[in-house]
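In this note's numbering, the protein residues as written are 86 to 436. Data block below; observations after.
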């Protein structure tokens, strides 16, 4: 076999092998771009044996002596094959990547949307209705817990047997207040702006064992309750007021205590002071002198002040009194007004 013929056979075999390899490596990509597998020519299952036959059985190729015109195209095609080998991956990779993006997008979209819907449904199920729980305790006190999840850091007003005061929830919409009960069957109402509210009812069986004097006002009135037990002087041990209020545990020792309710840092708040004396367990007989006093300040001088008092006592009807007065001029700031008729003194019999 001549040198020219060997080159021609080698070039032909090399060209056929490259063609088969190109089809085998990129058949799937070509199918996805130009059609299904049935539309492609069947070179893969048929031509692979042909390459082996041409390479092994030389007599089948030796019969006609190829002319120079035949050798040149074969050599030209064999020498031109490296260029498609380099350019083929560039033209094929683009549709492969595009196909991957196009195929993955619909599969990912449902998976991503599914978890996003769940939190929205959970938020929609949150119950915004405020709730309140009341529990009676020692010294006829009632612990109130308010849960208003949709009213964080919100102002609210508590109503109880004619007594009112304003407070505020924390950042989670919670609030806790200890309130002196004014009735055996005590009803408490928490009202929020916009009409939302909650109600709680609790029985306080020992409320009849206590005398209670309540003072109510709104804004900066400077009003205070002062109780002087058994002849005590101002500033002495038996003088109970906001500056020396004592704790509810004092009632267990036979003494009175004072509670101030309301958040005075709010704008124009409703405030309440309640003085309690354990009449049913008094250690001695005597009197408790009660008075309402108003300190003259720059916040209330020369202004009208309104207040209300409520008193409850064992075996007595509830007594209420309204007060309205004009405070002295501002050059008297620091002085006190004593309103001795706003509350009735207590007459205590030892038990």
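Where is the CB? At the ideal position from N, CA and C, for every residue including glycine.
Cutoff 6 angstroms; reference residue i; Cβ partners in own chain excluding five residues on either side
i           : result
residue 234 : 258
residue 243 : 250 and 275
residue 394 : 300, 406, 427 and 428
residue 216 : 232 and 283
residue 434 : 370
residue 335 : 342
residue 324 : 313 and 317
residue 298 : 360, 375, 396 and 428
residue 379 : 307, 308 and 422
residue 263 : 226 and 228
Backbone secondary structure at residue i - three-state DSSP
i           : result
residue 265 : strand
residue 210 : coil
residue 335 : helix
residue 306 : coil
residue 371 : strand
residue 42  : As displayed, the chain neither begins before 86 nor continues past 436, which places residue 42 out of reach and without an answer.
residue 350 : coil
residue 364 : helix
residue 357 : strand
residue 329 : strand
residue 224 : helix
residue 382 : coil
residue 416 : helix
residue 314 : strand
residue 146 : With a pLDDT of only 46 at residue 146, under 50, the local geometry of the prediction cannot be trusted, and the value read off the model is given with reservation. Three-state DSSP puts residue 146 in a helix.
residue 176 : Bear in mind that a pLDDT of 44 at residue 176, under 50, signals an unreliable position, so the number given afterwards is only what the model happens to contain. Residue 176: helix per DSSP, three-state reduction.
Proximity below 9 angstroms, CB of residue i to CB of residue j
i           : j           : result
residue 310 : residue 373 : no
residue 230 : residue 219 : yes
residue 285 : residue 273 : yes
residue 45  : residue 368 : The chain is shown only over 86 to 436; residue 45 falls outside these bounds and no answer can be derived.
residue 252 : residue 343 : no
residue 424 : residue 358 : no
residue 303 : residue 248 : no
residue 436 : residue 366 : yes
residue 409 : residue 390 : yes
residue 236 : residue 281 : yes
Own chain partners of residue i with C-beta closer than 8 angstroms, once the 5 adjacent residues on each side are dropped
i           : result
residue 383 : 415 and 418
residue 214 : 281 and 283
residue 110 : Confidence is the limiting factor: at residue 110 the pLDDT is only 45, short of 50, which leaves the residue's position unreliable, though a coordinate-based value still follows. Closer than 8 angstroms at Cβ, skipping near neighbours: no residue.
Residue i versus residue j: straight-line alpha-carbon distance, rounded
i           : j           : result
residue 360 : residue 225 : 12 angstroms
residue 392 : residue 307 : 11 angstroms
residue 228 : residue 339 : 22 angstroms
residue 388 : residue 426 : 21 angstroms
residue 293 : residue 210 : 44 angstroms
residue 317 : residue 398 : 22 angstroms
residue 411 : residue 328 : 25 angstroms
residue 428 : residue 283 : 32 angstroms
residue 381 : residue 305 : 10 angstroms
residue 333 : residue 222 : 10 angstroms
residue 261 : residue 375 : 29 angstroms
residue 421 : residue 212 : 49 angstroms
residue 432 : residue 403 : 16 angstroms
residue 350 : residue 326 : 20 angstroms
residue 320 : residue 331 : 13 angstroms
residue 279 : residue 254 : 15 angstroms
residue 348 : residue 241 : 10 angstroms
residue 352 : residue 256 : 19 angstroms
residue 430 : residue 401 : 14 angstroms
residue 271 : residue 337 : 22 angstroms
Cβ shell of residue i (< 7 angstroms), same chain only, five flanking positions each side left out
i           : result
residue 385 : 305, 306, 307 and 412
residue 126 : Low confidence applies here, because residue 126 scores a pLDDT of 47, under 50, leaving its location unreliable and the question unanswered by this model.
residue 322 : none
C-beta neighbour in chain C for residue i, strict 9 angstroms
i           : result
residue 218 : The structure shown contains no chain C; it holds only a single protein chain.
### Query
Taking contact to mean at least 3 C-beta pairs separated by less than 8 angstroms, is the stretch 252-267 in contact with the stretch 282-300?
yes
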